[in-house]
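Asks: Residue 182 in my numbering sits at position 183 of the sequence shown; the count goes up by one each step and never skips.
Supplied in structure tokens, the structure appears directly below.
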Amino acid sequence: MLSEPEMERGDDCERLLAKEPAAGRRLQVAIVDEELCYPPNSGKRIRTLNLLRPLARRHDITYLAYRGEDAAETRAAADFLAAEGIRPVLVDRVLPSKAGPEFYARLMLNLLSPLPYSVQVHNSRALREAIRRVAREQSIDLWQCEWTPYGESLVRAASGPWVTMAHNVESVIWRRYAEYESNFLKRGYIRVQHRKFERFERRMFALADRTITVSPPDAQIALEEFGARQVAIVENGVDVGHFRPNAAPRDPYRALFLGSLDWRPNLDAVKLLLDRIFPQVRSHEPRARLLLVGRKPPAWLSKRARECPGVDLLADVPDVRPHLDCCGLLAVPLRIGGGSRLKIIEALATECPVVSTRVGAEGLELAAGRHYTEANSVAEMSAAILDAMRRPEHHRTLARQGRKVVVRRYDWSILALQLEAIWREHAGGNADGP
Numbered sequence: 000m001l002s003e004p005e006m007e008r009g010d011d012c013e014r015l016l017a018k019e020p021a022a023g024r025r026l027q028v029a030i031v032d033e034e035l036c037y038p039p040n041s042g043k044r045i046r047t048l049n050l051l052r053p054l055a056r057r058h059d060i061t062y063l064a065y066r067g068e069d070a071a072e073t074r075a076a077a078d079f080l081a082a083e084g085i086r087p088v089l090v091d092r093v094l095p096s097k098a099g100p101e102f103y104a105r106l107m108l109n110l111l112s113p114l115p116y117s118v119q120v121h122n123s124r125a126l127r128e129a130i131r132r133v134a135r136e137q138s139i140d141l142w143q144c145e146w147t148p149y150g151e152s153l154v155r156a157a158s159g160p161w162v163t164m165a166h167n168v169e170s171v172i173w174r175r176y177a178e179y180e181s182n183f184l185k186r187g188y189i190r191v192q193h194r195k196f197e198r199f200e201r202r203m204f205a206l207a208d209r210t211i212t213v214s215p216p217d218a219q220i221a222l223e224e225f226g227a228r229q230v231a232i233v234e235n236g237v238d239v240g241h242f243r244p245n246a247a248p249r250d251p252y253r254a255l256f257l258g259s260l261d262w263r264p265n266l267d268a269v270k271l272l273l274d275r276i277f278p279q280v281r282s283h284e285p286r287a288r289l290l291l292v293g294r295k296p297p298a299w300l301s302k303r304a305r306e307c308p309g310v311d312l313l314a315d316v317p318d319v320r321p322h323l324d325c326c327g328l329l330a331v332p333l334r335i336g337g338g339s340r341l342k343i344i345e346a347l348a349t350e351c352p353v354v355s356t357r358v359g360a361e362g363l364e365l366a367a368g369r370h371y372t373e374a375n376s377v378a379e380m381s382a383a384i385l386d387a388m389r390r391p392e393h394h395r396t397l398a399r400q401g402r403k404v405v406v407r408r409y410d411w412s413i414l415a416l417q418l419e420a421i422w423r424e425h426a427g428g429n430a431d432g433p
């Protein structure tokens, strides 16, 4: 086991993994995903890339994914992964848009399908043919479904052992959508999707040789509510050398929201911030400012941010660390979500104080009042943000304690070894042979 001082020095993941020699032969592993995991500008991409990069030094990894809308980004991603020793296989189909009349027509047509919309739209003949081609050309020891909805394509096109990476228990997210949706028609549609996802996940978790969740609560749900055959936990993490405390002064009056701005749970949280939480904060503290940082913000959010006093929006930034370093706190008012929050781990790694709902910090081995401040209602969140602005040293003390937990438990090098052990346990043939 690596010591805390070793990790505090910031050795990169490859050097840390080199301290743990490979325990058997190189495996042939095929990953099936919706998109290539580069650039690392979303939680899912960050997780996937940081787990696979070090393992690509020890195993032969093929990565199947759809082409992205941005051709230049797709080329850059393919080149990056190839340079890291990961073979990209691009499927010649761009996923349909999530906007416009055709999108809503697809949503309505999905009412006739037994599959959830996210499963139906991502399952295609082109993807299944790509999976079959890889199966013919390579002796794959193990398939990994990088997002549970892709299990449908995998079980129809490939044979052999496979594991599914449940970044979230999707049906939990859909249930929470329904709880907070005020529109009667939308709530009815969401409940249909929730029921479909419950049936789908129950089937996938039963078929997979191992379901890999990112948190103990999700693992418990997969086992007890969905009857998963076997469940393992590989938590979310952080590069503790890359994300570390900075000596630059923090602005106690600047709050930060960080996350992908094309993900519905984050948009729900941002809307709550702009509509109700931040106006209350500003009414008591005129110096307060809110910085929204994330990829692909919708047009309505860009417009709204321009109109809100004290609010700034930065889209698609190349590096989030400067913002974590200068802000007084990270606000995480999530009401909807699953898995665990990379943004909280990254913030605490830099000793940025965190104010979060219980849902926001769900799945992390962090204690409210010791490592971060918990606030679950609009009033509690507003009061906690104000307290962080007025008592910055108290909240920085919590963040310093939080970093100790992050360094001990959430370094990517340790988590990659956990994933490798799962691969070896379930790989076809003799995974421990020469």
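All C-beta atoms in this analysis are idealised placements derived from N, C-alpha and C, irrespective of residue type, glycine included.
Decide if W262 is buried, meaning its Cβ has at least 16 other Cβ atoms within 10 Å, or exposed.
Replies: By the neighbour-count rule (16 or more Cβ atoms within 10 Å), W262 is buried.
Asks: Would you give the residue range spanned by the alpha helix (DSSP H) that C325 belongs to?
Replies: Unbroken alpha helix (DSSP H) run through C325: R320 to C325.
Asks: Helix, strand or coil: how does DSSP classify V233 here?
Replies: The answer is coil: DSSP assigns V233 none of H, G, I, E or B.
Asks: State the Cα-Cα distance for the pair I276 and A378, rounded to the nearest angstrom.
Replies: Approximately 7 Å, taken between the alpha carbons.
Asks: Residue range of the beta strand (DSSP E) that Y65 falls in?
Replies: Element bounds for Y65: D59 to R66.
Asks: Evaluate P433 with the Cβ neighbour count: other Cβ atoms within 10 Å of its Cβ, from every protein chain shown; 16 or more gives buried, anything less gives exposed.
Replies: Residue confidence for P433 is low, a pLDDT of 40 falling below 50, so the modelled location carries little weight; the figure read from the coordinates is stated next. With fewer than 16 Cβ atoms within 10 Å of its Cβ, P433 is classed as exposed.
Asks: Going along the chain, which residues of its own chain have a beta-carbon closer than 6 Å to the beta-carbon of A314, five neighbours each way excluded?
Replies: Answer for A314: P296, listed in chain order.
Asks: With C-beta atoms as the reference, is V237 less than 8 Å away from I344?
Replies: Contact flag set, yes.
Asks: Out of V118, L111, S158 and P113, which has the shortest C-alpha to C-alpha gap to A134?
Replies: Residue S158 is the option with its Cα nearest to A134.
Asks: For a quick check, are the C-beta atoms of A129 and L63 less than 8 Å apart?
Replies: Yes, Cβ-Cβ distance for A129 and L63 is below 8 Å.
Asks: Which class does T349 belong to by DSSP, given the choice of helix, strand or coil?
Replies: It is coil, neither helix nor strand.
Asks: Opposite F256 in the DSSP bridges: which residues?
Replies: Beta-bridge pairing links F256 to L291.
Asks: In this structure, does DSSP put E392 in helix, strand or coil?
Replies: Three-state result, E392: helix.
Asks: For P332, which of helix, strand or coil comes out of DSSP?
Replies: Coil at P332, not helix or strand.
Asks: Whose C-alpha, out of L110, Q143 and Q219, is nearest the C-alpha of D208?
Replies: Residue Q143 is the option with its Cα nearest to D208.
Asks: Which word fits R175, buried or exposed, when buried means at least 16 other C-beta atoms lie within 10 angstroms of its C-beta?
Replies: R175 is buried by the Cβ-count criterion.
Asks: Return yes when the Cβ of P148 is within less than 8 Å of the Cβ of H166, no when it is not.
Replies: No, the Cβ-Cβ distance between H166 and P148 is not below 8 Å.
Asks: Over what stretch of residues does the alpha helix (DSSP H) that includes A420 continue unbroken?
Replies: From DSSP, the alpha helix (DSSP H) with A420 extends over W411 to H425.
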